[in-house]
Structure formats: structure tokens, C-alpha cells
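Taken in sequence, the protein lines are chains U, E, S and P.
The opening residue of the first sequence carries number 24 in my numbering; numbering runs sequentially from there.
The opening residue of the second sequence carries number 24 in my numbering; numbering runs sequentially from there.
The opening residue of the third sequence carries number 11 in my numbering; numbering runs sequentially from there.
The opening residue of the fourth sequence carries number 11 in my numbering; numbering runs sequentially from there.
From the three backbone atoms N, C-alpha and C, an ideal C-beta is built for every residue, glycine too.
Here the structure is laid out as C-alpha cells; the discussion comes afterwards.
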Amino acid sequence: MKPNETHTTTVRILYFARLRESLGKGEEELVLPDGVATVGALADFLRQRGDAWASELGAGKAVRVAVNQDMASPDTEIKGGEEIAFFPPVTGG
Amino acid sequence: MKPNETHTTTVRILYFARLRESLGKGEEELVLPDGVATVGALADFLRQRGDAWASELGAGKAVRVAVNQDMASPDTEIKGGEEIAFFPPVTGG
Amino acid sequence: MPVRVQTEDFDVGAEIARLREGNPKVGAVASFVGIVRDLNDGDAVATLTLEHYPGMTEKSLEDIVAQAQQRWDIYDALVVHRVGTLQPLDQIVLVVVTSAHRGESFRACEFLMDYLKTRAPFWKKEVTPQGSRWVEARASDDTAADRWS
Amino acid sequence: MPVRVQTEDFDVGAEIARLREGNPKVGAVASFVGIVRDLNDGDAVATLTLEHYPGMTEKSLEDIVAQAQQRWDIYDALVVHRVGTLQPLDQIVLVVVTSAHRGESFRACEFLMDYLKTRAPFWKKEVTPQGSRWVEARASDDTAADRWS
């Protein structure tokens, strides 16, 4: 990670478990599009990619989101520089 | 034990833990005195020996009794042939 | 035999492994180990001697295990309790329960400990700097056992 | 470190012994072992693969242990969770808690399992005769975790 990363508008997005398999990737770097300032807005943006993105992140799918490794909600703000993870409900233990 | 023991009026009495130490014995054979037909009556009889017997088996002392290795109450009948144990509340585990 | 009273120490890992050995339906193992502490009721404990009632103790432990088997959907249960003279840090008692799901083995394991504490004929005598003394039964143990009735 | 995520198996007896080593104030050790079953939701399970979120998983387990330390009067707690591909009879998870008296270690041990099941980022994928499938989260686990809030 670059020292000035928190001042860029790039985020690192991680996908786990069923999402990683369905979306075909475990992580990506994304320059935050204009107007994307919350977790909810980011999910909306990703859904517009269509296909698996629309269905896996769509309504009725239980998806959890963590920002910088803390559980987040659709309202959680993102500014760039964050590590954002999407994953299904956990099933460990 | 003799095969006909259940037809005698002898009982085997066991004492454990604090009672064994205070009474100075761990077990004894006793011919049931006339009129002693319950655990409560047996305790009354033993108390009449005085000293430690009176105090250890006396009112206010928490003493448990088992007849043939099952927990018993003062009303539990005894006919002879039983193994009767007196002991303090248990403290294992 | 789900119940043992012995003077020798026990190996927790080996006992757990043996209890679930070859049963691929076991998804949960709850266990408890009781240990001699160096302090009881404010006094230093040098040794702890455990006495039992041979015959009745085993019988009462087996009865408690049978009750647990009836009350919960568990596979196996094991109780090992030591007698004789022990020192601080020594293991006293082991309870292990296996089941498919964790709730049942947790419940049964705690039930076994609560019932064992209040119903199985064992007595503890401590040696402290003030001399030796028989440990008194605790009201809190009766309260714990009463939860299950 | 009270928390470990690892591919290697663990030795329950050794972990318990290490956690209470040299602490003569420990009178109670409650522990739980989770194991791969050969049957889940009615289907035979050939293998189970566990995935986690390196970094966040450890962080969330440490947070859960810290919560247990705050809520109960316990000495130490340990959580070991395996990842990678496992088979029926393999150990998945170990939770151990030490305390002076048994109530606290039982409570904290069960709390740790309930919170771990619903909050720590682990995911299970099973291989069955019907192919491989991601295990679905259970409502009963949420209910169990809700007891503590």
C-alpha cells in the first residue's frame, strides 16, 4: 500500500466464499466513481455490471460488508483508501 | 455377606469423612434394637451413645443417610440386612 | 464404562479422543476439568484429600450420566473423578460429553458437573496453615443443581 | 496470543495444559471441540473446506475474546480455528477458558462459540455426492448468539 493511499479515491475490494466464486474474482482495485460515498452506493455501482454482479449483490441476497475489517452497513461512508469486503453470512465453528 | 443376612436384624453401618473422624470409626455391625425400624429411629439410638455421637448426629447438624447405597430420609424403613451410611453433605467435583 | 473413580491422574486429550473415536456423527465435544487451587476461602491450600463411598459413588455417577442421556440428545458421556491426596494444580475431575450439535453437549456437561457436586458422595479435606479441615458444602452448588429440576 | 487460525491440527490436551500452566488460581477449565461430521443436512460429507478473511478473522476473534474477558471473571481464553480442507472426524475448532469457579468458564466458553459462529468471518464449503456446496448460515446460530445481548 502507498503511504498516501488514504488520500486517493481508490478502494481495494475483496470478495469471499460464494461471492468470490460467482463473481470470478477475489479482489480488485477500483477508482471510486463520482457520487459513490457509501457502502450502499458502492454496491449499487457494482450491481450495474450485470449478470452475477446483479444477482449476487441484488435484493434478497444476504451479503455482509466490512470496511477496513469492521462490519459495515449500507450507510457506512467511504472516502477512498479503504479495504472493503463483501461476503455471505459466516458459517465457521 | 451371608446369604441369609437379609433375614437377620443386623445392619452394617458406615461413617464417612468428618463423621468417621469424629466418631472414631468407619463402620460397625449392629443388631437392630427393638423398636428401631426406620433411619430416624436408628439415628436416635446412636445419639444416645452421647459425646460425639450426640453432637455429630444431633439437631442442627447436616447429616445425610443412604440405605443400600440409595439416599434415604428419616422415614426410610429398615428391617435388618441393610448397609446404612451416615455422612456430611457432599463436596466433590 | 462412562464412570471411573481412581487415584491416578487422567490425560484429558486421550480421554476426549477415546470417547469420540470412530463416531463420525459427533460434531461437538464439551468438556470440563476441575483443578486443585492453591487458595480456598482465603486460606492457602497445601494438600487436598478426597474420600468417597466405594460402590455408592460409582452408582450415583452412573445414575447422573443416565439422567443426562435421557434429558439431552447426546452420544456419550464420561466422568473421571480422582480420590486420595492431591496438590494445587492437580486435576480432580473430568467430564466429557459428545453430541451432534454444541448446545446439547454444553448443557449435559454443565448438568453433570452440577449434579456430581451436590449428589455424588465425595468429601474434601484441606490442609492449610491453620491445620486440616473438611470443606463445607456450598449453597451456590445447591442453587446451580436446582436449575435443572 | 489467545487466537490462532491455522491449517494444522491441534492437540487438545496440550492446549489446555498450556493455557493453565503455572496458574494455581485456576480451578475450572471448560473447553469445546468442533468436529467435521460425515453427514450434514441429510447428505454424506466427503470433505469440508474452510475459508477465512486473513486479518479480519483474527481481529474479530480477538474482539470476541476481549468481550468474554469483560463479561466474566475468567483468567485466560484460547480460540484455535482451522482453515483449509478437512475430512469427517477432523477437528475444526477449539475453545478453552480457565477461571476460578466453573460457572464463569462454562458461560464464557459457550459465548465464545456462539459469537464465533455468527460473527467471525469463516465460510464452509462441503463436498457431497450431489457436488460441492457452500454451507448456509443457520437461524439457530443467530438465536444462540442473541441470548448474550
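Contact of residue 49(U) with chain P is not assigned, every C-beta pair being separated by 7 angstroms or more. CA-to-CA, the gap between residue 114(S) and residue 30(S) works out to about 15 angstroms. Along the stretch 53-74 of chain P, the positions whose C-beta sits under 9 angstroms from a C-beta of chain U are 60, 61, 62, 63, 65, 66, 67, 69, 70, read in chain order. Using beta-carbon distances, residue 87(S) does not count as an interface residue toward chain E, since no partner is under 7 angstroms. Between residue 96(S) and residue 46(S), the gap from beta carbon to beta carbon is short of 7 angstroms. Cα atoms of residue 50(S) and residue 68(P): separation of roughly 37 angstroms, rounded to the nearest angstrom. Below 8 angstroms, enough C-beta pairs join the stretch 42-56 of chain U and the stretch 72-86 of chain U to call them touching: three or more. Proximity of residue 123(S) to chain P, defined by a Cβ-Cβ separation below 7 angstroms, is satisfied.
Judged by beta-carbon spacing, residue 90(S) lies beyond the 7 angstroms limit of residue 28(S), meaning their Cβ atoms are not closer than that value.
For residue 113(S), no Cβ of chain E is located within less than 7 angstroms of the residue's own Cβ.
Around the CB of residue 85(E), fewer than 16 other CB atoms lie within 10 Å, so the residue is classed as exposed. Using a CB distance cut-off of 7 angstroms, residue 116(U) counts as an interface residue toward chain P. Under the three-state reduction of DSSP output, residue 32(S) falls in the coil class, being neither helix nor strand. Closer than 7 angstroms to the CB of residue 151(S) there is not a single CB belonging to chain P. For residue 113(E), a Cβ of chain S is located within less than 7 angstroms of the residue's own Cβ. By the neighbour-count criterion, in which 16 or more other beta carbons inside 10 Å mark a residue as buried, residue 98(P) falls on the buried side. With its beta carbon at least 7 angstroms from every one in chain U, residue 96(P) lies outside the interface. The C-beta of residue 66(S) has 16 or more other C-beta atoms within 10 Å across all chains shown, which makes the residue buried.
At least one beta carbon of chain E lies nearer than 7 angstroms to the beta carbon of residue 131(S). Inter-residue distance for residue 39(U) and residue 144(P) is about 11 angstroms (C-alpha atoms, whole angstroms). Residue state for residue 118(P) is assigned as helix, using DSSP reduced to three classes. Each residue's CA atom was taken as its position, placing residue 94(S) and residue 106(E) some 24 angstroms apart. The C-beta of residue 40(E) comes closer than 7 angstroms to at least one C-beta of chain S.
Here residue 112(S) really is in contact with residue 42(P); their C-beta atoms are around 7 angstroms apart, less than 8 angstroms.
At a cut-off of 7 angstroms between beta carbons, residue 126(P) contacts chain U. Bridge pairing for residue 78(E): absent [DSSP]. In this structure, the straight-line span from the alpha carbon of residue 101(S) to that of residue 56(S) is close to 15 angstroms. The continuous beta strand (DSSP E) containing residue 94(U) extends over residues 93-95. The C-alpha of residue 25(S) lies about 33 angstroms from the C-alpha of residue 149(P). Residue 40(P) places its beta carbon 7 angstroms or farther from that of residue 115(U).
Counting only residues of its own chain and dropping the five nearest sequence neighbours on each side, residue 151(P) has a CB closer than 8 angstroms to the CB of 124, 127, 128. Apart from the 5 residues on each side of it in sequence, residue 76(E) sits with its Cβ closer than 6 angstroms to the Cβ of 69, 70 in its chain, given in chain order. Residue 92(U) and residue 153(S) have their C-alpha atoms some 43 angstroms from each other. Residue 42(S): member of the beta strand (DSSP E) spanning 38-45, first to last residue. Uninterrupted beta strand (DSSP E) stretches at least 3 residues long and entirely within the stretch 73-141 of chain S occur at 84-92, 94-96, 101-109, 132-138, given in chain order.
Around the Cβ of residue 111(U), a 10 Å sphere holds 16 or more other Cβ atoms; the residue is buried.
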